[in-house]
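Enquirer: Before I ask anything, let me first share the structure, which is written out below as structure tokens.
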Ligand SMILES: [Zn+2]
Ligand SMILES: [Zn+2]
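The structure is reproduced here in structure tokens:
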């Protein structure tokens, strides 16, 4: 493979795309470089945050979706980070802590299913 002379799309200078490089690019499946070595290096430096102007493309933090609910205990309007289900009590933060954070059902709720099963006998 003969060396190729390419023209840099950034600075317009001709540069050599050596046979070695051509082979390397071919094995990697890359297309011919559009820029000379120095322009490529400059670009890379810019992209990798040489300057503080480069803002990372990372979003600050995904907003957690909050749902408006009414506390099942005190009736206060509050927000919860999950979709409330109609069949479950939702508590505001205060009540949630008071309840103990567990979803230990008040007496009787859990037994209903059991009673039904038992009544079949
Ligand atoms: Zn260049
Ligand atoms: Zn409450």
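Numbering (our numbering), first residue to last: -15 to 105. Glycine residues also receive a C-beta, built at the ideal position from the N, C-alpha and C atoms.
(1) Residue -2 lies in the beta strand (DSSP E); which residues open and close that run?
(2) Report yes if the CB atom of residue 83 is closer than 8 Å to the CB atom of residue 53, and no otherwise.
(3) Determine whether the beta carbon atoms of residue -7 and residue 21 lie at a separation below 8 Å.
(4) Any heavy atom of ligand 1 within a distance shorter than 7 Å of the CB on residue 19?
(5) Below 7 Å, is the gap between the Cβ of residue -13 and the nearest heavy atom of ligand 1?
(6) On the CB-based measure, 16 or more other CB atoms within 10 Å of its CB, does residue 96 come out buried or exposed?
(7) What's the gap between the Cα of residue 78 and the Cα of residue 62?
(8) So is residue 58 buried or exposed if we call it buried at 16+ other beta carbons inside 10 Å?
(9) Cutting at 8 Å between CB atoms, please list the residues of its own chain near residue 15, excluding the five before and the five after it.
(10) State buried or exposed for residue -5, treating a residue as buried only when at least 16 other CB atoms are found within 10 Å of its CB.
(11) Whole angstroms is fine: what's the gap from residue 71's alpha carbon to residue 50's?
(12) Could you check which residue in 55, 64, 56, 60 has the C-alpha nearest to that of residue 48?
(13) For residue 53, write down the residues that DSSP places opposite it in a beta bridge.
Expert: Here's the rundown:
(1) -2 to 1
(2) no
(3) no
(4) yes
(5) no
(6) Interpretation of residue 96 is limited by its pLDDT of 48, a score under 50 that renders its predicted location unreliable; no figure is taken from the coordinates.
(7) 10 Å
(8) exposed
(9) 9
(10) exposed
(11) 19 Å
(12) 64
(13) 62
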